[in-house]
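Residue numbers (my numbering): 56 to 679. Beta carbons: idealized from backbone N, C-alpha and C, even for Gly. Notes for the one structure printed next.
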């Protein structure tokens with residue numbers, strides 16, 4: 056049969072005598088009416104498992120198929136060895152088993168095989184493509200790979216275009232890319248390519264078969280419950296201590312961070328209230344190891360930072376640290392963090408926990424594509440350093456008991472300074488920075504030594520009531536100070552000015568840093584943009600829902616304009632009432648006004664717009 060006829064169903068077949076070797080039709084063509092056409096492709100050994108080891112299959116002309124290549128420790132037998140008939144496959148399997156037994160030192164035992172009726176089979180014919188009276192490019196479509204609609208004409212065209220490698224032919228046509236991974240049509244396709252290239256099938260070779268042999272669902276590979284197989288969990292060097300002390304965890308950028316440390320039957324609310332009071336009244340400690348950490352070195356490191364950050368870095372002295380905002384080229388805040396000057400051409404950058412990889416990619420992109428002339432080198436050291444932040448009025452007293460080579464006095468170790476020395480006998484970098492607004496020191500040590508230093512802090516800190524706290528308490532403490540979290544107070548549409556952080560923007564810097572031009576657009580200069588504000592609920596015990604929409608009128612009308620939303624909301628034992636951060640259109644001019652938050656259940660909450668800084672607005676507590 057050289058052609059099937061019919062449109063929606065088979066109606067007939069064209070048959071003719073063919074010359075297989077000459078690949079042509081001989082004699083006249085006859086039309087037969089029929090409604091079914093059957094074809095046989097012969098045996099095709101399943102070589103995929105061997106191919107997954109990297110061994111290339113070997114062509115066997117006697118069976119017109121590929122068999123597994125040589126794989127150490129593997130003995131193919133039966134159908135994969137080219138034995139298609141059941142009796143032959145059983146005999147081949149018994150022989151291979153006996154040989155394997157002998158190789159492992161066991162005597163091969165004679166085995167009786169079941170008696171099977173002889174199957175009458177004709178010899179397979181090497182007919183990979185049926186010739187037509189017209190050449191393949193003109194003949195009706197001859198499909199080779201039915202999954203991807205690859206035709207014989209497409210394969211011939213690939214070879215005419217100069218794609219001689221079978222791997223290139225595969226990518227030109229899409230042959231074997233489907234879920235069957237070439238089981239249905241690859242041998243035919245390779246034979247057609249070989250004929251077009253006037254070479255043998257062994258010379259043409261085969262493509263690579265990739266796992267899995269049997270198609271499976273994506274859910275089986277990357278289901279939500281596969282955890283480490285889909286979304287790996289990362290643990291800090293202090294994780295075992297947190298587990299031993301009953302921490303509850305939350306996932307933050309793949310890291311398992313302590314959420315809170317309940318004592319006894321404490322609820323999360325009760326634990327957080329206790330932890331926040333401990334920090335404000337004495338001293339608390341946070342495992343801050345998950346912060347992204349990037350080392351930046353080179354003679355152009357300062358210039359590189361100047362272009363990345365919104366603020367200036369040219370004059371930052373060695374031993375000093377600076378907070379920086381990083382914007383996308385649209386002027387919207389993408390990340391923030393503290394960067395310290397370790398040496399004249401050496402800086403240590405910290406990023407948000409979840410943004411570390413994106414920031415490193417961002418730096419690499421701009422260095423490679425826009426500023427390749429800058430001599431600067433950077434790499435991630437997030438896992439190298441463990442960070443422990445001690446916060447509270449007694450933080451200096453506690454640290455003083457563990458170091459004798461760092462001067463901790465107020466005048467010699469000021470806020471935003473960095474010092475190198477030893478803590479608990481371990482080399483450390485200590486930063487006097489604060490995400491709580493309290494006297495605070497962030498101790499960075501090599502991760503292998505973290506547990507030793509952590510335990511030493513608790514040994515000396517017992518007299519001060521040193522209290523471990525988690526991310527929930529961290530959120531309350533930083534929100535009391537009006538400190539933002541990128542990704543919570545920001546959503547890709549907030550500029551530094553929207554956040555009230557004009558002080559962190561250097562418009563006079565000589566080079567146009569990333570986002571500078573976008574911040575001069577009329578749209579980013581509008582005074583009715585959403586701006587960061589504080590909210591004080593009129594009910595002091597009411598904790599507003601994060602994400603709740605804000606309106607200006609108490610009476611609900613549908614539709615009614617929404618002017619903003621709540622970004623963070625907590626109850627503070629230090630303030631004695633609940634509070635929230637929010638972004639509101641024209642918010643900086645609405646201080647003192649009352650806004651309303653309609654709930655889905657019909658209730659309407661009221662809150663006063665206030666400054667986003669609720670606690671120690673002058674910053675006196677962190678500068679003691």
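* Run the CB neighbour count on residue 634, radius 10 Å, all protein chains shown included, and call it buried at 16 or more, exposed below. => Buried: at least 16 other Cβ atoms inside 10 Å.
* From this set, 379, 366 and 627, which residue's C-alpha is nearest residue 564's C-alpha? -> Out of 379, 366 and 627, 366 has the C-alpha closest to the C-alpha of residue 564.
* Asked: Between residue 645 and the rest of its own chain, which residues show a CB-CB distance below 8 Å, the 5 nearest in sequence each way excluded?
  -> Excluding sequence neighbours, residue 645 sits near 588, 639 and 664.
* **Assigned exposure category for residue 540 - 16 Cβ within 10 Å defines buried** => Counting Cβ neighbours within 10 Å, residue 540 comes out buried, since at least 16 surround it.
* **Nonlocal neighbours in the same chain, by C-beta distance under 8 Å from residue 149, ignoring five residues either side** => Result list for residue 149: 166 and 168, in chain order.
* **Residues sharing a beta bridge with residue 625, DSSP** => Bridge partners of residue 625: 634.
* DSSP bridge partner residues for residue 523 (one or two, in chain order) -> DSSP output for residue 523 lists 340 as bridge partner(s).
* To do: Could you name each continuous beta strand (DSSP E) segment of 3 residues or more that falls completely within the segment 386 to 427, going from the start of the chain to the end?
  => As far as the segment 386 to 427 is concerned, its whole beta strand (DSSP E) runs of at least 3 residues are 388 to 398 and 401 to 406.
* Asked: Which residues in the same chain as residue 213 place their Cβ atom closer than 6 Å to its Cβ, once the five residues preceding and following it in sequence are excluded?
  -> Here the set comprises 224, 227 and 228.
* **Close-in-space but distant-in-sequence residues of the same chain around residue 327 (CB under 7 Å, 5 per side omitted)** => Cβ within range, chain order: 315, 527, 528 and 531.
* **Endpoints, the beta strand (DSSP E) within which residue 381 is located** => Looking at the DSSP string, the run of the beta strand (DSSP E) that includes residue 381 is 376 to 382.
* Helix, strand or coil at residue 327 according to DSSP, with G and I counted as helix -> Residue 327: helix per DSSP, three-state reduction.
* In three-state terms, what does DSSP make of residue 243? -> In the structure shown, residue 243 sits in a helix (DSSP, three-state: H, G or I).
* To do: May I ask you to report which of helix, strand or coil DSSP gives residue 202?
  => If DSSP states are grouped into helix, strand and coil, residue 202 belongs with coil.
* Hey, residue 500 and residue 485: beta-carbon distance below 7 Å or not? -> It is not a contact, given that the beta carbons lie outside the stated cut-off.
* Asked: Taking the alpha carbon of residue 242 as the point to measure from, which residue in 155, 98, 325 and 61 has its own alpha carbon closest?
  -> Residue 242 has its Cα closest to that of 98, out of 155, 98, 325 and 61.
* Asked: Which residues in the same chain have their Cβ closer than 6 Å to the Cβ of residue 73, if we skip the five residues on either side of it in sequence?
  -> Closer than 6 Å at Cβ, skipping near neighbours: 80 and 186.
* To do: Could you name the residues that DSSP lists as bridge partners for residue 498?
  => DSSP lists 443 and 485 as partners of residue 498.
* To do: Provide the residue(s) that pair with residue 227 in DSSP beta bridges, ordered along the chain.
  => For residue 227, which the question treats as bridged, DSSP gives no partner whatsoever.
* Spatial neighbours of residue 230 within its chain, please: CB distance less than 6 Å, with the 5 preceding and 5 following residues excluded, ordered by chain position. => Closer than 6 Å at Cβ, skipping near neighbours: 200, 205 and 244.
* **Residues that residue 434 bridges to, as DSSP identifies them** => In the DSSP assignment, residue 434 is bridged to 350.
* Cα-Cα separation, residue 577 to residue 583 -> If you draw a straight line from the Cα of residue 577 to the Cα of residue 583, it comes to about 12 Å.
* **For residue 81, three-class secondary structure by DSSP** => Residue 81 falls in the strand class under three-state DSSP.
* **Opposing strand residues paired with residue 156 [DSSP bridges]** => Residue 156 pairs with nothing; no bridge assigned.
* Closest by CA to residue 110, which one among 117, 102 and 95? -> Ranking the options by Cα distance to residue 110, first place goes to 102.
* **Secondary structure of residue 296, DSSP reduced to three states** => Judged by DSSP in its simplified three-state form, residue 296 adopts helix.
* Asked: For the alpha helix (DSSP H) that contains residue 653, what are its first and last residues?
  -> Going by DSSP, residue 653 is part of no alpha helix (DSSP H) but of the beta strand (DSSP E) stretching over 649 to 653.
* **contact_flag[the segment 610 to 629, the segment 421 to 431] where n(CB pairs < 8 Å) is 3 or more** => No: the two stretches stay apart, fewer than three of their Cβ pairs being nearer than 8 Å.
* Asked: So what's residue 265 in DSSP terms, helix, strand or just coil?
  -> In the structure shown, the three-state DSSP call for residue 265 is coil.
* Thinking C-alpha only, which one of 331, 469 and 479 is nearest residue 377? -> Closest option to residue 377, Cα to Cα, is 469.
* Asked: Can you list, in chain order, the residues of its chain whose CB lies under 7 Å from that of residue 179, leaving out five sequence neighbours each side?
  -> Within the same chain, residue 179 has close Cβ partners 97 and 119.
* Asked: Where residue 556 and residue 388 are concerned, what is the direct C-alpha to C-alpha distance, given to the nearest angstrom?
  -> Approximately 11 Å between the Cα atoms of the pair.
* To do: Would you decide whether residue 384 is buried or exposed? Buried here means 16 or more other CB atoms lie within 10 Å of its CB.
  => So residue 384 ends up on the exposed side.
* **Residues bridged to residue 639 [DSSP beta-bridge criterion]** => DSSP lists 586 and 619 as the bridge partner or partners of residue 639.
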